[in-house]
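Residue numbers (the numbering used here): 654 to 955.
Only one structure is covered here, and it is reproduced in the block below.
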């Protein structure tokens with residue numbers, strides 16, 4: 654097995670593209686390089702003693718994403734019967750090892766997490782959660798999240814991605830995010846979701862109004878999400894309107910600090926605290942399965 658930063662990893666290649674994964678660290682896509690250039694950011698010096706805290710790759714957010722809280726305490730949720738349970742912010746998937754299966758043609762990887770004693774303490778449901786990454790060509794990555802209810806009761810969930818796209822912080826003012834029709838929202842300090850306000854069709858990444866904001870899709874996306882980075886001669890297109898996919902609820906935009914050389918564009922199936930506020934909360938019937946699919950294409954600017 655290849656080694657990366659003294660860790661065992663799985664590598665998937667197709668032409669000019671190279672993906673690295675650490676299934677043992679939350680099923681994490683670590684990085685994506687194309688023609689040797691970084692598309693998905695991973696830090697040169699990562700603290701592998703706490704993989705979930707590393708700012709890079711694509712942490713998988715499941716079964717809940719974002720901050721949920723009970724009586725002001727983050728990381729707790731209350732079910733319909735009033736029982737309160739502990740569940741980490743962004744869920745537990747990013748902290749647990751995944752089983753793996755490489756596609757027969759070596760151009761894709763399936764990583765799967767199933768319920769266990771560890772998960773049932775805070776989330777008492779039978780499930781199978783799978784992330785399938787596949788290079789359709791040397792510039793196109795298909796990503797499918799599949800959730801199956803293996804128990805005998807309906808389960809609540811709202812999963813998502815946390816893609817860290819490489820972008821030098823000095824290029825934020827010239828880099829443009831293009832969006833379909835959206836309503837812009839955010840989570841207030843008390844955990845409540847602020848009222849929606851009309852979204853804009855485009856933003857530059859130095860704008861404070863998109864920092865830690867949820868761009869809620871206003872109907873089926875009439876165009877893809879697009880990140881145009883002239884400084885990198887790069888355009889990244891995220892197609893959220895894929896066949897047989899459940900609808901994505903929003904795209905979240907976030908970065909950590911003014912000097913961070915990444916910007917996160919995160920397709921989500923719901924909003925934070927949806928288990929309590931219902932905004933994007935999905936209920937999956939016993940025995941049912943559903944998928945959420947997207948496609949990322951990386952190209953040079955004309």
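Just so you know, even glycine gets a beta-carbon here, dropped at the ideal spot from N, CA and C.
Is residue i helix, strand or coil when you go by DSSP?
i, result
"residue 824", "helix"
"residue 885", "helix"
"residue 868", "strand"
"residue 747", "helix"
"residue 843", "coil"
"residue 914", "coil"
"residue 739", "strand"
"residue 862", "helix"
"residue 880", "strand"
"residue 892", "strand"
"residue 752", "strand"
"residue 908", "coil"
"residue 937", "strand"
"residue 920", "strand"
"residue 987", "Because residue 987 is not part of the residues shown, which for the chain are 654 to 955, the question remains open."
"residue 656", "strand"
"residue 848", "coil"
Along the chain, where does the alpha helix (DSSP H) containing residue i start, and where does it finish?
i, result
"residue 771", "770 to 773"
"residue 927", "927 to 930"
Rounded to whole angstroms, what's the CA-CA distance from residue i to residue j? Just pull it up for me.
i, j, result
"residue 926", "residue 655", "39 Å"
"residue 908", "residue 864", "7 Å"
"residue 763", "residue 812", "17 Å"
"residue 728", "residue 931", "17 Å"
"residue 694", "residue 841", "28 Å"
"residue 890", "residue 687", "15 Å"
"residue 748", "residue 887", "32 Å"
"residue 697", "residue 736", "43 Å"
"residue 868", "residue 836", "6 Å"
"residue 895", "residue 858", "26 Å"
"residue 776", "residue 734", "14 Å"
"residue 833", "residue 892", "11 Å"
"residue 861", "residue 829", "14 Å"
"residue 825", "residue 935", "34 Å"
"residue 718", "residue 815", "10 Å"
"residue 845", "residue 721", "10 Å"
"residue 987", "residue 821", "This structure cannot settle anything about residue 987, because the visible part of the chain is limited to 654 through 955."
"residue 849", "residue 916", "23 Å"
"residue 804", "residue 780", "7 Å"
"residue 683", "residue 831", "25 Å"
"residue 873", "residue 897", "13 Å"
"residue 851", "residue 662", "43 Å"
"residue 770", "residue 876", "42 Å"
"residue 689", "residue 701", "23 Å"
"residue 768", "residue 782", "9 Å"
"residue 746", "residue 944", "17 Å"
"residue 676", "residue 806", "28 Å"
"residue 778", "residue 766", "13 Å"
"residue 665", "residue 843", "42 Å"
"residue 784", "residue 725", "32 Å"
"residue 679", "residue 773", "17 Å"
"residue 933", "residue 801", "18 Å"
"residue 744", "residue 668", "35 Å"
"residue 808", "residue 937", "5 Å"
"residue 838", "residue 758", "42 Å"
"residue 910", "residue 754", "36 Å"
"residue 723", "residue 671", "42 Å"
"residue 853", "residue 751", "38 Å"
"residue 691", "residue 880", "15 Å"
"residue 649", "residue 699", "The chain is shown from 654 up to 955; residue 649 falls before or after that span and cannot be answered."
"residue 957", "residue 707", "An answer regarding residue 957 cannot be provided, because it is not within the stretch 654 to 955 covered by the chain."
"residue 713", "residue 704", "12 Å"
Which first and last residues belong to the beta strand (DSSP E) in which residue i is found?
i, result
"residue 949", "942 to 953"
"residue 802", "793 to 802"
"residue 783", "780 to 790"
"residue 900", "From DSSP, residue 900 is part of no beta strand (DSSP E); its letter is neither H nor E."
"residue 811", "Run containing residue 811: none; DSSP gives neither H nor E here."
"residue 765", "761 to 767"
"residue 829", "829 to 831"
"residue 856", "855 to 857"
"residue 836", "835 to 838"
Are the C-beta atoms of residue i and some chain C residue less than 8 Å apart?
i, result
"residue 748", "Looking for chain C here will not work: only one protein chain is present."
Pair every Cβ in the segment 916 to 925 with every Cβ in the segment 893 to 907, then say whether three or more of these pairs are closer than 8 Å.
Counting Cβ pairs under 8 Å, three or more are found: they touch.
Going residue by residue through the segment 666 to 731, where are the continuous beta strand (DSSP E) segments of at least 3 residues, counting only ones entirely within it?
Within the segment 666 to 731, the complete beta strand (DSSP E) runs of at least 3 residues are 670 to 675, 681 to 687, 690 to 693 and 729 to 731.
Answer yes if the segment 780 to 796 comes into contact with the segment 931 to 950, meaning at least three C-beta pairs across the two stretches below 8 Å, and no otherwise.
The segment 931 to 950 makes contact with the segment 780 to 796, as at least three CB pairs between them are under 8 Å.
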